[in-house]
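Take 65 as the starting number for the sequence shown in the numbering used here and just add one per residue.
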Amino acid sequence: MQNWKDSILNDRERLTPDSKFKYSCHKGLFCFGRCCGDVNIFLTPYDVLRMKKVLGISSEEFLGKYTLPLILQDQQIPVALLKMGDDENKKCPFVTAEGCVIYTDRPWACRMYPLGLASSVAEAESEAFCFIADDESLCMGFKEDKEWTVKEWLTDQGVDIYNQKSQAYMQFTLNKSFQEGSELEPAKVQMFYKTCYNLDTFRTHLFSSSFFERFDIDEATIEGLKTDDEALLDFGIKWLRFSLFAENTLKVKDDVWDKKRNELGIITE
Ligand code: SF4
Ligand code: SF4
Numbered sequence: 065m066q067n068w069k070d071s072i073l074n075d076r077e078r079l080t081p082d083s084k085f086k087y088s089c090h091k092g093l094f095c096f097g098r099c100c101g102d103v104n105i106f107l108t109p110y111d112v113l114r115m116k117k118v119l120g121i122s123s124e125e126f127l128g129k130y131t132l133p134l135i136l137q138d139q140q141i142p143v144a145l146l147k148m149g150d151d152e153n154k155k156c157p158f159v160t161a162e163g164c165v166i167y168t169d170r171p172w173a174c175r176m177y178p179l180g181l182a183s184s185v186a187e188a189e190s191e192a193f194c195f196i197a198d199d200e201s202l203c204m205g206f207k208e209d210k211e212w213t214v215k216e217w218l219t220d221q222g223v224d225i226y227n228q229k230s231q232a233y234m235q236f237t238l239n240k241s242f243q244e245g246s247e248l249e250p251a252k253v254q255m256f257y258k259t260c261y262n263l264d265t266f267r268t269h270l271f272s273s274s275f276f277e278r279f280d281i282d283e284a285t286i287e288g289l290k291t292d293d294e295a296l297l298d299f300g301i302k303w304l305r306f307s308l309f310a311e312n313t314l315k316v317k318d319d320v321w322d323k324k325r326n327e328l329g330i331i332t333e
């Protein structure tokens, strides 16, 4: 029996940016709110950044109250899953009779809906493609007259902007180590999760440690990191690339290297 991933790759129509579909979701449809429950929504770090901000709470509080930490089996990547309610319909904590209370800052997956995105590493020159993600007979939105191309939908819903803001993170997760599903040590998984998802704690760690004494970071960047969450997320990715994969994304100060060489008794010419 094929799993859900295979069934998407094998059975779903692969939409192109110009493919058309009819769809409109609005209050008054009898299914209104149906899809905002009992669903797996994996949050990106940028989703968490937006959601905790609009709710006016810290990333620590947001993660504790609204998410479950998980590790993606294939790639061994830590992610935050949006926690659904304990009620019979397992409702999303943000759905009300009026719709989504954080609509302007809803996660990437909710913006995509009713489209899904899939790709296969097994297929040569595989490209990600969109597909219709729901059962069209259950979603009344497909019976409405409003017509979209896939491209129009993604722009209208702000998916393009979310993709841009998540570019550094997505690029990082394409590292060979994740693509091959190599397991990171638990401490490194923690570091990955905290840096990407728990931005306020990451900021506290940066500014309460000797980090900026050890790395060559200009003053303007340091000032920006104090208040700008998006800059902090991109900086965090650079830090992870440096610390997990020894990439050249940050520079250690010369005097720190000199001290280390002296401690180790390494003589340089
Ligand atoms: S099932 Fe479809 S039409 Fe109904 S609320 Fe969900 S997305 Fe909208
Ligand atoms: S975040 Fe908003 S749009 Fe997404 S599932 Fe929850 S209520 Fe629905």
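A virtual CB, placed ideally from N, CA and C, is assigned to each residue, including glycine.
- When Cβ pairs closer than 8 Å are counted between the two stretches, the stretch 137 to 155 is seen not to touch the stretch 200 to 219, the count staying below three.
- Counting along the chain, the unbroken alpha helix (DSSP H) around Thr-237 starts and ends at 231 to 237.
- At least one heavy atom of ligand 2 is found less than 7 Å from the C-beta of Pro-171.
- Comparing C-alpha distances from Phe-306 to each of Phe-242, Gln-243, Phe-236 and Leu-289 shows the shortest one belongs to Phe-236.
- Distances from the CA of Arg-76 to each of Lys-154, Leu-127 and Phe-195 were compared; the closest alpha carbon is that of Phe-195.
- Put simply, the backbone Cα of Ile-121 is about 30 Å away from that of Leu-248.
- Closest option to Glu-211, judged by alpha-carbon separation, among Gly-92, Ser-83, Ile-72 and Tyr-87: Tyr-87.
- Distance from the Cα of Ile-301 is smallest, within the candidate group Leu-238, Ser-274, Val-320 and Ala-284, for Leu-238.
- In this structure, the alpha-carbon of Gly-180 lies about 10 Å from that of Ala-192.
- Secondary structure of Phe-299 (DSSP, three-state): helix.
- Within the same chain, Arg-278, Phe-279 and Asp-280 come within 8 Å of Val-316 by CB-CB distance, once the 5 residues on both sides are set aside.
- Per DSSP, the beta bridge partners of Thr-213 are Lys-84.
- Going by DSSP, Cys-194 is part of no alpha helix (DSSP H) but of the beta strand (DSSP E) stretching over 193 to 196.
- In this structure, the alpha-carbon of Thr-80 lies about 25 Å from that of Val-103.
- Met-176 and Val-112 do not touch by the CB rule: their CB atoms are close to 17 Å apart, not below 8 Å.
- Rounded to the nearest whole angstrom, the C-alpha separation of Leu-270 and Asn-67 is 43 Å.
- For a cut-off of 8 Å, the C-beta gap from Lys-229 to Tyr-110 is around 5 Å, short enough to register as a contact.
- DSSP places Ile-286 inside the alpha helix (DSSP H), whose first and last residues are 283 to 291.
- Note that the C-beta distance between Thr-265 and Ser-123 is below 8 Å.
- Linking Asn-227 to Glu-152 through their CA atoms gives a straight-line distance of about 34 Å.
- Within the stretch 134 to 161, the complete beta strand (DSSP E) runs of at least 3 residues fall at 141 to 146.
- The distance from the Cβ of Pro-171 to that of Ile-225 is about 13 Å, inconsistent with a contact at the 8 Å cut-off.
- Residue state for Thr-313 is assigned as coil, using DSSP reduced to three classes.
- Between Lys-252 and Leu-308, the C-beta spacing is below 8 Å.
- At the C-beta level, Gly-101 and Val-159 come within 8 Å of one another.
- For Leu-179, the enclosing beta strand (DSSP E) begins and ends at 179 to 182.
- For Val-159, the Cβ falls inside the 7 Å cut-off from some heavy atom of ligand 2.
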